[in-house]
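Chemist: These protein sequence lines are chains A and B, in that order.
For what it's worth, full-length UniProt numbering labels the leading residue of the first sequence as 1, then goes sequentially.
For what it's worth, full-length UniProt numbering labels the leading residue of the second sequence as 1, then goes sequentially.
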Amino acid sequence: MTANPPIAMLAELTHRCPLSCPYCSNPVELARIDSELSTEEWVSVFQQAAALGVLQLHLSGGEPASRRDLTDLVKAARDAGLYTNLITSGIGLNERRLKELDAAGLDHVQLSLQGTDAEMADRIGGYKRGFERKMAVSEWISAIGFPLTLNFVMHRQNLHQLETAIQMAVDMGARRIEVATVQFHGWAMQNRNALMPSRDQAREASRIVAEARARLKGTLVIDYVPADYHANYPKPCMGGWASTGINVAPDGIVLPCHAAQTIPHLKFDNVRDLPLAEIWHNGSAFNAYRGTDWMPEPCQSCDRKEIDFGGCRCQAMALLGDPAATDPVCVKSPRHEVVAQLAEGFSSSGSDELSYRAQPPKLEPTTQ
Amino acid sequence: MSVDPNEKPFLPRGVRLHFDKVRDDWVLLAPERAIRLDDIGLAILNELDGERSLSMIATSLAEKYGAPADQVATDCVEFLQSLVDRRFVELRQ
Ligand code: SF4
Ligand code: SF4
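(1) I'd like to confirm something about residue 326 of chain A: is its beta-carbon nearer than 7 Å to some heavy atom of ligand 2, or not?
(2) Here's the rule: buried if 16 or more other CB atoms are within 10 angstroms of the residue's CB, otherwise exposed. What is residue 103 of chain A?
(3) Can you look up residue 78 of chain B in the DSSP assignment and give me helix, strand or coil?
(4) Could you give the uninterrupted runs of the alpha helix (DSSP H) lying entirely in the segment 188-245 of chain A, keeping only those of 4 residues or more?
(5) At a threshold of 7 Å, does residue 147 of chain A count as lining ligand 2 (C-beta to nearest heavy atom)?
(6) Looking only at its chain, what residues have a beta carbon closer than 7 Å to the beta carbon of residue 275 of chain A, apart from the 5 residues adjacent to it on each side?
(7) Look at the Cβ atom of residue 280 of chain A, then the Cβ atom of residue 286 of chain A, and state whether they are nearer than 8 Å.
(8) Pull up the distance between the alpha-carbon of residue 317 of chain A and that of residue 310 of chain A, whole angstroms please.
(9) Could you tell me which of A/152, A/288, A/308 and A/174 sits nearest to residue 24 of chain A, measuring between CA atoms?
(10) Against residue 87 of chain B, what residues of chain A qualify as contacts under a CB-to-CB distance less than 9 Å, listed in chain order?
(11) Hey, is the segment 30-38 of chain A in contact with the segment 347-362 of chain A, meaning 3+ C-beta pairs nearer than 8 Å?
(12) Taking Cβ-Cβ distances shorter than 8 Å, what residues in chain A pair up with residue 22 of chain B?
(13) Quick test of the definition: if touching needs 3 or more C-beta pairs under 8 Å, does the segment 16-23 of chain A touch the segment 34-47 of chain B?
(14) Nearer than 7 Å: is that true of the beta carbon of residue 25 of chain B relative to any heavy atom of ligand 2?
(15) By the criterion of Cβ-Cβ separation under 7 Å, what are the contact partners of residue 171 of chain A in chain B?
(16) Check whether the Cβ of residue 304 of chain A sits closer than 7 Å to any heavy atom of ligand 2, and report yes or no.
(17) Here's the rule I'm using: 16 or more other beta-carbon atoms within 10 Å means buried, otherwise exposed. How should residue 141 of chain A be labelled?
(18) Once DSSP output is grouped into helix, strand and coil, what is the label at residue 37 of chain B?
(19) Any chance you could list the beta strand (DSSP E) runs of at least 3 consecutive residues sitting entirely within the segment 247-331 of chain A, in chain order?
(20) So what's residue 148 of chain A in DSSP terms, helix, strand or just coil?
(21) Using a Cβ-based criterion (distance less than 7 Å to any ligand heavy atom), does residue 233 of chain A qualify as near ligand 2?
(22) Examine ligand 2 and report whether any of its heavy atoms sits within less than 7 Å of the Cβ of residue 332 of chain A.
(23) Quick one: is the Cβ of residue 308 of chain A within less than 7 Å of any heavy atom of ligand 2?
(24) Give me the Cα-Cα distance between residue 101 of chain A and residue 319 of chain A, rounded to the nearest whole angstrom.
(25) Report the three-state DSSP secondary structure of residue 91 of chain A (helix, strand or coil).
(26) Is there a C-beta anywhere in chain A that falls below 8 Å from the one on residue 68 of chain B?
(27) Determine the direct distance from the alpha carbon of residue 180 of chain A to that of residue 14 of chain B, and round the result to whole angstroms.
Okay, structure coming up:
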């Protein structure tokens, strides 16, 4: 099978991060600091990505600003012809660094928002005075004139701040806001009791988004990821496995999606060993669920199979132990009641206690 | 916000035209989006400079391609409206 080339690359430059959000999308087993790709290795990845057909590069982490060579990486990516988007919590950026990033050609900034006030944001991010710092960073971003997207991750504890978050985006001059209900993979799986929104909250969020979209047309673009445990159909994860997106982890492992390592039987290749194009076209993990041939029933004969691609493989793995099953979020899944029960149980747990993500280990354990 | 032919459209910072060598096509690159352009879309976007109004642009395109001016103007408004709604094109007075 010859696949179309990918359009977007998510480069997780490092798993280091000053924050420790309890829903962090990084894998539970974080990449060691001493295993991170070097500047030269990343530059080669970006050049290979552009040659393969990638147009958009998302520089992410962890916190990408934790890499001291961030500016050089942005410059190299621009030189390779890529559109560069920095996905950041803002912590680790200052006015000087932002000006350097501007000079290096950074196209766009996506700033994460853990809450709309210091009390919420600092508790969720697990980082004191993070909110204050973030607000300062947002002012430098708008003074320089970077196009800005706010990224608000919603869950049971902060969903009531959605209206305010949208207003903040308008006040900051952001062109876009992404309001995404937390996705339950990795670290978030350990926090489902504390984070699962209720069905009413999920409905309220959809109403607020619909109203704001109508009211703010032409001012603010709102991208919305609803609470999928409460949905009837799954999300079209990655727009189809290995169809448009490619991820590179800090240590060079190449993944079809950021949670793919939760599927235990998949084998992943590394850009240190193989060319990126070879991995994209022939890597076994990429071909595992590419296209529609792998699909079981009810997906195989469903008219939505090119719309949601049978949903999320990692979610089928997490909830059913079978990555090749229909995403149980789907009402047509024979196991759909599992999701409804989980959603109900977790959202009414009554516990708000968070378990925070850890920091990546520094060195390989030694035996001396 | 609806597009007024007297306004001057331009591509804001963070939105740019790019030739996609791999697919041999022009695309408009914007935050989280890459939009494939046909010849008409590309011709319109190439004219945007924030200096000339949309009606001036339509007139010049109509002359260049020998097409009826009001038809071109309607096409331009329709094409740009969808981009304005997504904030990929901005307008100044
Ligand atoms: S989700 Fe939070 S902890 Fe994870 S990388 Fe982003 S800011 Fe850091
Ligand atoms: S049966 Fe499969 S393809 Fe059809 S809607 Fe459900 S998940 Fe999507």
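From the three backbone atoms N, C-alpha and C, an ideal C-beta is built for every residue, glycine too.
Modeler: Working from what's here:
(1) Yes; taking the cut-off as 7 Å, the Cβ of residue 326 of chain A has a heavy atom of ligand 2 nearer than that.
(2) exposed
(3) Note: residue 78 of chain B maps to helix in three-state DSSP.
(4) 192-195 and 199-215
(5) no
(6) 48
(7) yes
(8) 13 Å
(9) A/152
(10) 147, 175, 176, 218, 219, 220 and 221
(11) yes
(12) 5, 51, 52 and 53
(13) Contact between the segment 16-23 of chain A and the segment 34-47 of chain B is absent, because fewer than three Cβ pairs lie under 8 Å.
(14) no
(15) Those within 7 Å of residue 171 of chain A in chain B number zero; the least Cβ separation is about 16 Å.
(16) Checking the Cβ of residue 304 of chain A against ligand 2 gives yes.
(17) buried
(18) coil
(19) none
(20) strand
(21) yes
(22) yes
(23) Distance from the C-beta of residue 308 of chain A to the nearest heavy atom of ligand 2 is below 7 Å.
(24) 41 Å
(25) In the three-state reduction of the DSSP assignment, residue 91 of chain A falls in the coil class, being assigned neither a helical nor a strand state.
(26) no
(27) 23 Å
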